[in-house]
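Here's the structure we're looking at; comments come further down.
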Amino acid sequence: MTTGAGQDKAAVIAERPRVLAIAYACHPTESAESRVGWARALMASQRHDVTVMCHSDLDADELQRLAVEDGADPSIRFQNVPHCVIGMSCRSHDLLYCVGYRMWHRRVAKLAAELHAARPFDVVHQVNFCGFREPGYGWRVGAPFVWGPLGGTQNFPLRFLSVLDPYNAVREAGRNVVNWLQLRFSPRLRRVARRSACVMSATRLAQRDLERSWGLDTAVELEAGLSYPPAPLRSKRDPSRPLRILWTGRLRAWKGLPLLLHALAKTPPNVRCEVRVLGEGAGQAGLVRLAKRLGVDDRIEWVGWGPYPDTLPHYRWADVFAFTSLRDTSGAGLLEALAAGLPIVGIDHQGAADIMSDECAVRLPPSNPREVIAGFSDAITRLAGDGELLLRLSHGATRRADDFAWDARGAVLDRVYQSAMAPAADRRRAAGTSRPAEPVTRPSLNLQPLEAVGE
């Protein structure tokens, strides 16, 4: 028999707004995109009845179990939507990946429409991928549609094309042209933007681009976040050992690692430093050759990539985080660095400019390759010789990390959903069927300290 308290709890859950979260990538420890989808689903579940449609190697029951263990409300549900045969075959080809991805969204829209007809959703949220190019078809379901946070509008700075090989220079210049054309002339993107109840921008740059191209006034909400609290404040570095520098990311042309390699070559011989490169990619062989040609290969350790928890101890090893990316919506590694108390030396543009501040970073203007290389070299020299500056920036990084904790950002998502639902709520009130307010207490997500992750 159900008790009165049990009936009240069931009634509260039944009254909570229903949210369909479309998150193609949704997993607690896989890619950066999958961790974003996971965190936003968990956040939404605290005050909403959430159904997540995703593509995963895990079944729906296993995803739900992991989500509840991580702090999601037990009402959360997952629908693992597989690719069709053609869509699956497209996934293995770079040029066809977007075709398979769009086909997957068509399957999601069909299933979502069936669920909505049986029991309506109050909000449909297209969570990821973060890029603006594919809005999916959730806006057709019939519920208020939330899209974003959106990124990918950033272009490769043309004055840095000289650091690329001819193939990648043409590729990046071509991507810039495609960005410009799609943002300004894609009727599908404009139509979805107009029909969305709310569109969020991942960065201030994306906000500016969407306003210029689509006439949208969007809120800025960084797409990434931290799922664990910052590490304890660091103590002063032992000056008898080399300065430890960490670089992370895919070893691809736009990530800009040659800028750091050239900076190492220009650093005075008496400045002792060592670099760990945490990443893999098609450009690795060429980068290793470049390091040897510059005479800095003896200072570099190429450690590859691994499961997400296994990458975090490298942040604890390091003294400084180097960010050389020449185009990125934000950069998940920046947040991991802040949480570990690592001062950042980075190019101050695009999404990184929204994350770095003078209290935690040495910010380098994206002027030209020569000046950026000199800036990295000068920063390495200063931080290697000034323990007080390094410590001050380290403590600033720890403080800055608090601004990006997922656990503190649930209120933003709540406001977005409430805003999206407001017109529908007005219609229900006019019809005398408004939804009563629910007395929900928000539990904290299950966050682990940095020391416990990966050990």
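Taken in order, the sequence shown gives residues 774 to 1228; the numbers are from the numbering used here.
No residue lacks a Cβ here, since even glycine has one placed at the ideal position from N, Cα and C.
Just so you know, these numbers come straight off a predicted model, no measurement behind them.
Quiz item: Can you tell me the Cα-Cα spacing of I1117 and A885, whole angstroms?
Solution: Indexing the sequence shown from 1 puts residue 1117 at position 344. Indexing the sequence shown from 1 puts residue 885 at position 112. Using only the alpha carbons, I get a separation of about 43 Å.
Self-check item: Endpoints, beta strand (DSSP E) assigned at Q955
Solution: Within the sequence shown, the letter at position 182 stands for residue 955. Unbroken run through Q955 is the alpha helix (DSSP H), 939-958; no beta strand (DSSP E).
Quiz item: Thinking just about the alpha-carbon of each residue, which of Y1190, F933, S804, R1010 is nearest to the one in N1141?
Solution: Taking the sequence shown and counting its residues from 1, the one referred to as residue 1141 is at position 368. Comparing Cα-Cα distances from N1141 to each of Y1190, F933, S804, R1010, the minimum goes to F933.
Self-check item: Beta-ladder partner(s) of W1075, from DSSP
Solution: The residue given as residue 1075 occupies position 302 in the sequence shown. W1075 pairs with V1050.
Quiz item: According to DSSP, is L1032 helix, strand or coil?
Solution: In the sequence shown, counting from the first residue as 1, residue 1032 sits at position 259. Helix at L1032.
Self-check item: Identity of the residue in V897, R892, P1005 nearest A796 by Cα
Solution: Locating residue 796 in the sequence shown gives position 23, where the first residue counts as 1. For A796, the nearest C-alpha among the options comes from V897.
Practice problem: Under 8 Å Cβ to Cβ from A906, same chain only, skipping five residues before and after it: list those, please. | Solution: Within the sequence shown, the letter at position 133 stands for residue 906. A small fix is needed here, since residue 906 is Arg in this sequence, not Ala. Around R906: C871, G925, Q955, L962.
Self-check item: Segment limits, alpha helix (DSSP H) that includes D1151
Solution: Counting from one through the sequence shown, the residue named residue 1151 turns up at place 378. That run of the alpha helix (DSSP H) goes 1142-1158.
Quiz prompt | Nearest-angstrom Cβ-Cβ length linking T976 and S1103, presumed shorter than 8 Å | solution = In the sequence shown, counting from the first residue as 1, residue 976 sits at position 203. In the sequence shown, counting from the first residue as 1, residue 1103 sits at position 330. Sure, about 6 Å apart at Cβ, within 8 Å.
Quiz item: From Q1123 to K1028, what distance separates their C-alpha atoms?
Solution: Along the sequence shown, read from residue 1 onward, the residue named residue 1123 stands at position 350. Along the sequence shown, read from residue 1 onward, the residue named residue 1028 stands at position 255. If you take the alpha carbons of Q1123 and K1028, they lie about 13 Å apart.
Quiz item: With a Cβ-Cβ cutoff of 8 Å, do Q899 and G911 count as a contact?
Solution: Position 126 of the sequence shown, counting from 1, holds the residue named residue 899. Position 138 of the sequence shown, counting from 1, holds the residue named residue 911. The answer is yes: Cβ separation under 8 Å.
Self-check item: DSSP state of D1121 mapped onto helix, strand, coil
Solution: Here the question's residue 1121 lines up with position 348 in the sequence shown. The answer is coil: DSSP assigns D1121 none of H, G, I, E or B.
Quiz item: Just to confirm, are P1139 and P930 a CB contact at a threshold of 8 Å?
Solution: On the sequence shown, residue 1139 is found 366 positions in, with the first residue counted as 1. On the sequence shown, residue 930 is found 157 positions in, with the first residue counted as 1. Yes, the Cβ-Cβ distance between P1139 and P930 is below 8 Å.
Quiz item: Opposite A794 in the DSSP bridges: which residues?
Solution: Counting from one through the sequence shown, the residue named residue 794 turns up at place 21. Answer is V825, H898.
Practice problem: Would you grab the beta carbon distance between L1108 and L999 for me? Rounded to a whole angstrom, and I think it's under 8 Å. | Solution: Against the sequence shown, residue 1108 aligns to sequence position 335. Against the sequence shown, residue 999 aligns to sequence position 226. Indeed they touch by this definition, with Cβ atoms about 5 Å apart.
Quiz item: Count the other CB atoms within 10 Å of the CB of A1203; is the residue buried (16 or more) or exposed (fewer)?
Solution: As a working note, residue 1203 is residue 430 in the sequence shown. Because the pLDDT of A1203 is 44, which lies under 50, any placement of that residue in the model is unreliable, and the number read from its coordinates should be weighed accordingly. Burial call: exposed.
Quiz item: Who are L1016's beta bridge partners in DSSP?
Solution: Translated into the one-based positions of the sequence shown, residue 1016 becomes position 243. BP columns for L1016 point to C1046.
Exercise. Per DSSP, which residues does R850 bridge with? Please list them.
Key: Taking the sequence shown and counting its residues from 1, the one referred to as residue 850 is at position 77. Note: R850 sits in a beta bridge opposite T824.
Exercise. Apply the 10 Å Cβ neighbour rule to L1166 and answer buried if 16 or more other Cβ atoms are within range, or exposed otherwise.
Key: On the sequence shown, residue 1166 is found 393 positions in, with the first residue counted as 1. Sixteen is the threshold: when 16 or more other Cβ atoms of the shown chains lie within 10 Å of the Cβ of L1166, as they do, the residue is buried.
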